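Working notes for the structure below.
Chains as they are written, first to last, in my numbering: chain A, 3 to 342; chain B, 3 to 342; chain C, 3 to 342; chain D, 3 to 342.
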């Protein structure tokens, strides 16, 4: 049994990783850390995890593979030490997602361990499975980029390089830290956009979609995304509505067939026949995608949805772990969504 | 005191019209109808309206001005009779919003009283105040078009004629009739798009925005909107996020100044400095607009929000009534939003 | 025009007082304070109050009457100074609600201005209108006590003195300060009891109900309430379900008639014919009461509901102000609930 | 592999049974029925169940064990036929819960198959495991009774026989059928009691609690419950707050120890140290119980919570199936709650 640990279990991504690992048949969660709660039983902070019978420690015990659910910066300080101990690491923070140090510095400031940037594959298994399988360190994608990249990847070399991603997120995407924005009374019965000065998930989307476009087009660097995230009064779920102008000659049927073929081997991606609902992904690692040709305008609308804490964070991390351990991708991640 | 009545008070738009009229200082709600509930006290169907001490009747009694909150088709059957009795009418249904009969027939089927199409001004007071003031019949706009048209009107002749309106609506927009879509357990903790085969509010938006563009441009008929509505788990509120490509030469400051000037005389439109929140319009007739230049892409993002039952229906109807009666536009429509 | 002010406008009770005062025809809100936000325009903190065009000040300017929406302790430090300046005060905090200093100290600790305890009437107008009208300082009741006392007052001398109050509250009752309990993701889709070690609203309920019982019974001190508050995922509203054992001889009809008679002169209390819904009080100063005799068990169940921020705080404060100023009780507090 | 089927999969209890069976390692769901949706793929009605690759049939195919999720009356018409075919049956409806035909007729009307009433054990495994294991037909308990009986069973012979159960339920308890009560806009931001004329779950509670009391007391028939259910704006979860007067001599510690001992062998019951939250049971078969002695009043408050669709319906049905098949009770029902 592979022994795994979670650094900083006390946020939502950390807790969700623990929840999913509790059901995983091939690994065993043996250690969790969390600074403010160190010394407490895990069940004291998270009653739903009491059966794991773990104590929250200050430093991560010896494990075979570690998940870092620290905030950015903090994660890049800890990850090198974990690697030095010979542990493989899946970093759920943003610290190793951007391959370009300049981009990182622009969005996040100085990087504590920049020498690792070139090593970590971007952990989106639908695009980079073989690099992930071989990696020592994997950079788990952001929640918005997961939805947007999966929505647009199949057609990214067939569209004008000017894209819009209008995304709607549940509140858990903002984390467990306290803020007026996530106070119940402020966001209940409310809906608003945010991050119009530039959201940190934008460079990830552009990095990955440009790389895909560059395989067939020489204008990849011109690719540009207008990304507007919105907060919606629900706990979980991201819905990304993507708009692009498709090259001529496509029919709706051909578009759907193309998406189905592109994701033929992807066990968590479903191409669906109607606008997908976030509720149908609740608690699962699924990504539902609905590509739709608006024949009148020649525009393509692609709607993708995920559970932001699963496919957008913890579930994808475990999918990456499965690849790294040579397990079937779906191990421990099966079962229907919680509905209603 | 002007006597007014509501035809079909039993839906959300009708009930909201009654709620607002209860506080109106210059008119008196004297009659309400509703087929299924005829004979019952209004307070039996809507406890919050019990103080009005009205009974729901089958036929509208003699009034000076009537609001029709019937569904489309049904409204266009009743409105001619009201007009014949010499009553002025504000039609909250969609029946007289489209000036072009062909368009109406395409989206709604045969029109019961097409001869009135040419007569009724589109009841968006920010654009058509003088026609409304003089009208016998006013076509109250749809909720989505109200938000989208107000968002885009000031720049409609300065953008490429290819627009995107990504709108998020609370559930009351779907009405009080029962459907699985509006069952609590289905839409709570859920978010999804709908109406991708064409939403009936699209032709209204195009009609009004083309007409505005036609004043300064000769390509108005080419103007085309991609409109994707979404359902969000809240009762009230619409947030419309609009995307367009602006002509060169604008700065953010100039854009804001232009919007402020455009709506200088509009008491319910506020140009705001941060992404607006639907909650800040709750229960009011306000439309909050945030125009934002994305200098990197040359794209303009305009976000507008309203309470779909007030500025998107009943409140706008009363604003129209005020104009028709020569009252100040804000009469009976003042007071802050209900927050939190 | 009477000039009024609000000390500590930055919590929900303070903001709600401002919202209601904005519509009040006989007084004018001329000053608001708030320590952390001092210097900012009120509209920067609360966009829905921007039209008031007030700045948040550090110290309250000269007014005729002040509302204190400070937390307990802090309020009792400021109130004496306001009174010394000749201003009448309505204290929305808990500081002057308990007449017995020992009780206060037990639940809240040392009292900064105990000499005022004997002076301030308990500001429940349905019970103490004449004292309130004459008072210099009024202690505005807590939200739970308002619902529970109004529910039980008419029969408090007809029941066994052992009562249960099982109350359900929306999240705004917990205030605008940040806490994990009020984080959206923690309380959305959740329901739980709290305060079982003793909730500070209990002594208020017992003080008032014992005083009422003492008018006709000599066992008033034996009266004892088991009070269990619950948090429910909604922003506003309190529903109190009260259980007591009624003396023999009552019928359902007699019970209802007795309640109607008891509240004959109370403009905000409605005796209703079906279990009341918090939504029917949304934004209003109403208290809906449903008394119900369970003939099988001889037990009476009385369900009362209010909007916790209006009748449970700001609206009741304004009702008290109206009495103090000799205005009709309903002034500025009329209009139907916001529904749906 | 045991083959199981679900009669009437199209309600929430049926769909939830299918969701849980999809993960069960020892049985295989091979057939589902549903009248209105017969002929459709299961995934067309419930996208989250598409992977089961089942079609909805009109009649149940040959299976080893069947779950009936039909409404009452309809279930009692179908169950005899299933039994005649030699299939064991777990009836999720109310049809076989009451052992006394007169009681059934009083609450539900005529019984289509009364001869089976004496045969079916009440399927609460914590009380009747051995009868369930041997049964051909098991009557799965209602959601409210499950919470209330588990809360009160350990002390039912130590309290005065006059009990109060104040219960709060999520909306899914009202089923998937359409009604104004469950329209999103009506119950969102709302809370109210219902069923005060007598709720059908009351006789179940009394039957089971009287039977338990009768083991040690001869006044069991005098036991009487006042039961007030409330609707709360959340999809899943029941919280039952139970009030009773405990015999003298108990301490809080002794009470907790007694509950722990009583449920020593019950894998799904947890005695907790703080008021439990429905969210901590989300998607699981757990029942969290918090017994609390109010030493001042001598009253005991016991709060229990469950997921109404799991321990309150489908999960309990599978727990019963596990007993009937000689499997460990927890088979297929493990894993932490979905939080947040």
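All C-beta atoms, glycine included, are put in the ideal place defined by N, C-alpha and C.
Small disclaimer: the values here were computed from a predicted structure and weren't measured.
Beta-carbon neighbours of residue 363 of chain C, restricted to chain A and to distances below 8 Å: Residue 363 of chain C lies beyond the range of chain C shown here (3 to 342); nothing can be said about it.
Cβ pair count under 8 Å reaching 3, the region 222-236 of chain D against the region 234-245 of chain C: yes
For residue 93 of chain D, the nearest candidate out of D/109, D/255, D/86 and D/81 (CA to CA): D/81
Within chain D, the residues that residue 337 of chain A reaches when beta carbons sit closer than 7 Å: 24 and 25
For residue 306 of chain B, three-class secondary structure by DSSP: strand
Straight-line gap, residue 134 of chain C to residue 280 of chain C (C-alpha atoms, nearest Å): 27 Å
Residues near residue 39 of chain A by beta carbon distance below 6 Å, same chain, minus five either side: 12, 47 and 58
Contact set for residue 349 of chain A: own chain, Cβ-Cβ below 6 Å, skip 5 residues either direction: For residue 349 of chain A there is no data in the structure shown, the boundaries of chain A being 3 and 342.
Residue-chain proximity (residue 55 of chain A, chain D), Cβ-Cβ < 8 Å: no
Distance between beta carbons of residue 219 of chain A and residue 301 of chain A, contact taken as under 8 Å: In fact, because the Cβ distance is near 19 Å, the residues do not count as touching under 8 Å.
Contact list for residue 189 of chain A against chain C, beta-carbon separation under 7 Å: Per Cβ cutoff of 7 Å: 186.
Proximity winner among D/330, D/339 and D/340, relative to residue 29 of chain D (alpha-carbon distances): The option with the nearest alpha carbon to residue 29 of chain D is D/330.
Chain-order list of residues whose beta-carbon lies under 8 Å from that of residue 138 of chain A (same chain, five-residue window excluded): 85, 90, 91 and 121
One or two residues paired with residue 33 of chain B in a DSSP bridge: Residue 33 of chain B is bridged to B/7.
Simplified DSSP state of residue 243 of chain C, which is helix, strand or coil: strand
The region 306-321 of chain C in contact with the region 324-340 of chain A per 3-pair CB rule at 8 Å: no
4 or more residues per run - each alpha helix (DSSP H) lying fully within the region 171-259 of chain D: Counting only runs of 4 or more, we get 186-189 and 204-216.
Distance between residue 183 of chain D and residue 179 of chain B (C-alpha atoms, nearest Å): 12 Å
Closest by C-alpha distance to residue 192 of chain D, when choosing among D/200, D/55, D/111 and D/171: D/171
Residue ranges of each beta strand (DSSP E) within the region 15-87 of chain B, 3 or longer: 29-35 and 67-70
Separation of residue 42 of chain B from residue 56 of chain B, as counted between CA atoms: 9 Å
Min CB distance residue 115 of chain D to chain B below 8 Å: So, not an interface residue.
Validate contact between the region 220-227 of chain D and the region 257-270 of chain D using beta carbons, cut 8 Å, 3 pairs: Put simply, the region 220-227 of chain D does not touch the region 257-270 of chain D. Fewer than three CB pairs are less than 8 Å apart.
Partner residues on chain C for residue 304 of chain D, Cβ-Cβ distance less than 9 Å: Residues of chain C passing the Cβ test: none, with the nearest at roughly 11 Å.
Residue 127 of chain C versus residue 238 of chain C: straight-line alpha-carbon distance, rounded: 22 Å
C-alpha distance - residue 337 of chain D paired with residue 49 of chain B, whole-angstrom precision: Between residue 337 of chain D and residue 49 of chain B, the C-alpha separation is close to 45 Å.
Residue 312 of chain A, DSSP secondary structure in three states: helix
Within-8 Å CB hit, residue 206 of chain D to chain C: no
Strand pairing of residue 341 of chain C, partner residues [DSSP]: Residue 341 of chain C pairs with nothing; no bridge assigned.
Residues of the region 226-243 of chain B with Cβ closer than 7 Å to any Cβ of chain D, in chain order: 237
Residue-chain proximity (residue 294 of chain A, chain B), Cβ-Cβ < 8 Å: It does; some Cβ of chain B falls within 8 Å.
Beta-bridge partners of residue 272 of chain C, as assigned by DSSP: C/290
Test item: CB-CB of residue 210 of chain D and residue 147 of chain D under 8 Å: Residue 147 of chain D sits close to residue 210 of chain D, with the two beta carbons spaced by under 8 Å.
Chain-order list of residues whose beta-carbon lies under 6 Å from that of residue 162 of chain B (same chain, five-residue window excluded): 247
Where residue 164 of chain D meets chain C, residues with beta-carbon distance less than 9 Å: Those within 9 Å of residue 164 of chain D in chain C are 247, 299 and 301.
Chain B within 8 Å of residue 173 of chain D, Cβ atoms only: Residue 173 of chain D counts as touching chain B.
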